[in-house]
Amino acid sequence: MAAGVGTAAPKGHIGRAMKRKEDPRLIQGLGRYVEDIALPGMVYAGIVRSPHAHAKIRSIDTSKAQTAPGVVAVLTGEDIRGAIAPVPCAIQMPDLKMALRPVLATDRVRCVGEGVAVVVGSDKYAVRDALDLIEVDYAPLPAVVDPEKAISKGASVIHSQHKDNVAYKWELEGGDLKKAFAQADKVIRQRMINQRLIPVPMETRGVVAEYRAGEKKLTVWSATQIPHLLRTQLAAMLGAPEHSVQVIAPEVGGGFGSKLNVYAEEALVAHLAMRLAKPVKWIESRRENFQATIHGRDQIVDAEVAVKNDGTLLGLRCRVIADLGAYFQLLTPLVPTLTGLMIAGCYKIPAVRVEITGVFTNKMATDAYRGAGRPEATYIIERVLDLVAAELKKDPAEVRRKNFPKPKEFPYAAPTGLVYDSADYQTSLDTALKLANYPKLRQEQDRLRKKGRYMGIGLSTYVEVCGMGPSSAMPAGGWESGTVRVEPTGKVTVLTGSSPHGQGQETTFAQIAAEMLGLDPEDVNVLHGDTTAVPYGIGTFGSRATAVGGTAMYLSLVKVRDKLSQMAGHILAEDPKKMVFEGGKVYSKSAPKKSLDFAAVVGAAYTAKTLPAGMEPGVEATTFFEPSNFVFPFGAHICVVEVDAETGDVRLQKYVAVDDCGNVINPLLVDGQIHGGIVQSVGQAMFEEAVYDEQGQLITGELMDYAIPRAADLPRIQTARTVTPSPVNPMGVKGVGEAGTIGSTPAIVNAVVDALAPFGVRHVDMPVKRERIWRLIRQAREGR
Amino acid sequence: MIPAPFQYHTPKTVEEALRLLERHGDEAKLLAGGHSLLPLMKLRLAAPRYVIDIGRLKTLGGIREVRGKIAIGALTTHAEIEASDLVRRHCPLLAETAGEIGDAQVRNRGTVGGSLAHADPAADYPAAILALDAEIVAASKSGHRTIPAAEFFVDMLTTKLRPGEILTEVRVAPMSAKTGTAYMKLPQPASGFALVGVAVRLAISRAGKVDDVRVGITGVGLKAYRATAVENALRGNPAEDKMFAEAASFAAQGIEPLSDLHASAAYRKEMAAVFTRRALHRALGRARGKAD
Amino acid sequence: MKLAGVRTLPGAPSEVWALLNDPARLARCLPGCERLEPAGQDRYRAKVKFGLAAITGNYAGEVELAEKKPPKSLRLRVEGKGTPGFMKAEGRIELAEIRPGTEVKYEGEAQVGGLIASVGQRMIEAAAKKIIEQFFESAERELKAGKAKR
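Residue numbers (the numbering used here), protein chains in the order written: chain A, 1 to 784; chain Y, 1001 to 1292; chain L, 2001 to 2150.
Set out below in structure tokens:
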């Protein structure tokens, strides 16, 4: 464990529940989002989008729009043919059938919302009016919507260069599955659906681009999670030299994975700025966001588990059909494979097999959405555990406990090939059971059942893989950069390749830096998001900012502190190894009264009147940190619900979450991530579903029909922590951004199924809408 | 989310508003709180050439007592109705219903006149207006007329208001003693509109029988309606849960319930009965809670 | 969405049949239809201005009659597209004599796409029912007027 980082009660800044430095400006409306950017001469873009899920474009008549007031330009796919490459997909797989989305469609559209033309005008009102004047003659084609039908005989093929709608087949196998099923006392099967979701960040997407012809410099402001990767991809798509392209992620109002991508509009707006020699702005409407920003999840799973009568898991086999949509976005084919990698959850299952078929349909692409494949895995395995408990008439907590690996077995090689870093699932479960007063809950459940009331208790013990990740496993690198620069007057500037969009690294990284250098977090500024200012970084997603980005910064802090120790030792004639940085001062442990101001030590390195032999002037260090492994946060959640048998209404009564993200930098922010993740899970479990009808129309097209949770839907969430440091990085941190979302959904569904057990219900698909529950109860009562 | 171009007028009097309405006919729409019209305009589902903003006409606001009835100006917001002492005391059903509409922001801007004139099949007020036998006052160039609630809702999004008429006031008789009311609703989880909304006004006799009852139901059919089959099954019978359950089973009689993404016809039909029963039960509790 | 129902219209099946096959009279029955212009054998182009209270839209459409078995049955296809979206309805209409009127049985499917499909789900079925209602009311008026003329 590194010095200055520990699990004891915080004396310093690490571990301190400090309010965020970001919040005052955000709460006062002083944040600068892409919509706030106004440049002289700026024009606005609006996109004409296909109302058809699948159609040939017979003709596009832009004549009326061209002459409408305020219109500067109207372009179709033909007008940009050859000028912009298709939207990139970073994934390579053997036999992967590629399907890249053109920036604007030319002869065919393959999903509702696909762009077919762009209007540029002097203000957004002129643009909106002109959009209505564009006449597109479509010849509708049959829409392929059901993924199982899409891969059955006779289905229309969406991409004519492929023979069918199968994008890929992927398999993972570990152990001897045949033997496992042969030895089983029972085999339990269940079909489950992990429904398609819409990420709904508060801020929709938006892009502003400016091309300065004199300097041949293109600047693109985009609400993105990956500014550097975006820069590289945009340069490639536009055929522009990368060093002349700058991407800036301004304040970004949430992404949840939906802004971890490269979108057609980003390239289109950049192209327009160059072509028209004017700055161009495009801001997405909510309806466009629903149609044309990536969707999450969407898997149909057939799971089979082999067990012994004593509850020991022997083997698990899953067949997954993943509905990928019509075109790949950046990581589309990868996401379901992460489900395969985490299918064993936190259990010792000797044999596993996962078969995934990725399928093309006439829908928007799926891609990474908070959890990206791992919520799907946790949902499967945690539902399976409850099905096993129900079948064997055992307590769901005990069946879980029976199959946990022990803490001393870590690092633990899971049958899926991953090596989990560290864990203590037993303590996590015990803590949750105690906090929830589990035996009392079961008593209460019995009491209420006798009164004809249906209370349910649901458990989820989860582990997830994050801190993305070793570069060997990542499509564009998995390292992160961190620069620590101490300015001559002793203030610190941190440049991080991480790209926070709500996570709070301006605060937590400042806490770490302040702790390491004996300063106050106010003395540390954390810069991110500007590709010109910040060395190349991979970005923020996959719960990696602290584990990877924070470690890169930490290692640079160590370099800087070592250098300043040398400097102080030189000035004080003391041993550099004994230097202490505290309260803005530097002193030797053996002569504490002879202290120097931190700023003075730094200043000396800049004025360079007398430097130690071999030392360069200045105080700056950069590290590119390559993680040796992923990190594996874990936890135990318990959810209590009550179901109104008359209406099917589900009320959340109690929620206990015990999560372990290793060492904690700021408990307020960790709690915030857990709360937010749980709320997002409540959304999936209880309310949300992106619905395409049989014609491929997205009928949940606005927030009027797509229900996301509100504060009133939640009980007070009780959180607690266990701390099991990770051996993967010096600070011992795991990740926490997605853990809440991953662990929580099955706890809620398990609780609902548990509530309905008296009706003989063994599974409920998500979302557990009232009518769905009502029908199940009716069917049970009618003996069906 | 940008409306089609329109001309905007702010008449200073109701008469001026009526003149503008007459001049522009079906190319004009009145704007009150804007929470029914503006969303439609922003989606460009509605594109009136002329928008006549009556939102600042002070004569159309206010809640007062007029000849023994509670008179509520058309521009009164849902929040004002919910908070009004006069309404809470004399027709609490209306205050309770107003409090169930949308969310705080919508309640601060939306008006009772605008909501009633729009007649959304899933709006909350219509159920209460029917249960209260309210009267709707409309002004036109030829003067004022009063439309009873029972006649007001004609069809989906269609009321008895004629082109060129402005809804100016809603009048409700104060609730008598031994009467209890309740509005209960099953909201659509995303929009908050009523999948089923039931408003009940229940008067009980000293002997504990149902003297009179009104049941207004919204969200179930193309328009809000009086569940007269329920009312007939209750009138004169003992006011008790078993009776309520039986009578409530007629809640959707004669109605073809709507079916959509959020609720099937079968579910709406059953929930109409469940919420009718629950509203009756709650209204009874409140009726009994009043001392003689 | 599925559309099906039975209605009775005044007049013999032959009169109802005549109405359906007369573009001028059929136009008056289709809600909001301003005109039906011939565009081929049993095919017509239509301009429709349709509204439900504040929600109005202009649509360019097509009406086609097919599989005609006079005076018993035919298939009717109506398509329209406008800024609020597009729709397509296709169904079978069967006429049977029940003196002194005609029983009209209709069964078909309607699809809606574009803006109304993405934001108007809760009203679509209701609107479809209304449109069918209005069609039959207008047809009844047309048939009575036709009788009065004779």
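Ideal Cβ placement from N, Cα and C applies to all residues, glycine included.
Partners in chain A for residue i, counting only beta-carbon separations shorter than 9 Å
i                       : result
residue 1186 of chain Y : 647, 649 and 770
residue 1005 of chain Y : 125 and 129
residue 2117 of chain L : 51, 112, 693, 695, 697, 698, 699 and 701
Enclosing beta strand (DSSP E) for residue i [first to last residue]
i                       : result
residue 680 of chain A  : Run containing residue 680 of chain A: none in the beta strand (DSSP E); it sits in the alpha helix (DSSP H), 667 to 682.
residue 2010 of chain L : 2002 to 2010
residue 595 of chain A  : 591 to 597
residue 1144 of chain Y : 1143 to 1148
residue 1167 of chain Y : 1166 to 1172
residue 2079 of chain L : 2073 to 2082
Three-way DSSP call (helix, strand, coil) for residue i in this model
i                       : result
residue 443 of chain A  : helix
residue 1238 of chain Y : strand
residue 2147 of chain L : helix
residue 2 of chain A    : With a pLDDT of only 35 at residue 2 of chain A, under the threshold of 50, the placement of this residue in the model should not be trusted; the figure read from the coordinates follows. It is coil, neither helix nor strand.
residue 664 of chain A  : coil
residue 1002 of chain Y : coil
residue 532 of chain A  : coil
residue 588 of chain A  : strand
residue 1197 of chain Y : strand
residue 1084 of chain Y : coil
Chain-ordered neighbours of residue i on chain L, where CB pairs are closer than 9 Å
i                       : result
residue 115 of chain A  : Neighbours of residue 115 of chain A on chain L: none; closest Cβ ~15 Å, over 9 Å.
residue 52 of chain A   : 2086, 2113 and 2114
residue 1249 of chain Y : What residue 1249 of chain Y touches in chain L: nothing, since even the nearest Cβ is about 24 Å away.
Enclosing alpha helix (DSSP H) for residue i [first to last residue]
i                      : result
residue 748 of chain A : 739 to 755
residue 479 of chain A : Taken as a continuous stretch (DSSP letters only), residue 479 of chain A belongs to no alpha helix (DSSP H), as it is neither H nor E.
residue 431 of chain A : 425 to 436
residue 79 of chain A  : Per DSSP, residue 79 of chain A belongs to no alpha helix (DSSP H) and is neither H nor E.
Test: residue i CB closer than 8 Å to a CB of chain Y
i                       : result
residue 2131 of chain L : no
residue 687 of chain A  : yes
residue 282 of chain A  : no
residue 65 of chain A   : no
residue 2122 of chain L : yes
residue 556 of chain A  : no
Neighbour flag for residue i against chain A, beta carbons, 8 Å
i                       : result
residue 1274 of chain Y : yes
residue 1191 of chain Y : yes
residue 1002 of chain Y : yes
residue 2125 of chain L : no
residue 1271 of chain Y : yes
residue 2083 of chain L : yes
residue 1008 of chain Y : no
residue 1261 of chain Y : yes
residue 1267 of chain Y : yes
Cβ of residue i within 8 Å of any chain L Cβ
i                       : result
residue 1158 of chain Y : yes
residue 1053 of chain Y : no
residue 353 of chain A  : no
residue 146 of chain A  : no
residue 287 of chain A  : yes
Amino acids of chain L, ordered along the chain, whose beta-carbon sits closer than 8 Å to that of residue i
i                       : result
residue 704 of chain A  : 2119
residue 1046 of chain Y : 2054, 2055 and 2056
residue 1124 of chain Y : Residues of chain L passing the Cβ test: none, with the nearest at roughly 15 Å.
Other residues of its chain near residue i: CB distance less than 7 Å, five sequence neighbours each side excluded
i                       : result
residue 1059 of chain Y : 1014
residue 417 of chain A  : 174
residue 695 of chain A  : 53 and 143
residue 599 of chain A  : 489 and 490
Contact list for residue i against chain A, beta-carbon separation under 7 Å
i                       : result
residue 1264 of chain Y : 771
Chain-order list of residues whose beta-carbon lies under 6 Å from that of residue i (same chain, five-residue window excluded)
i                       : result
residue 1197 of chain Y : 1124, 1127, 1185, 1218 and 1219
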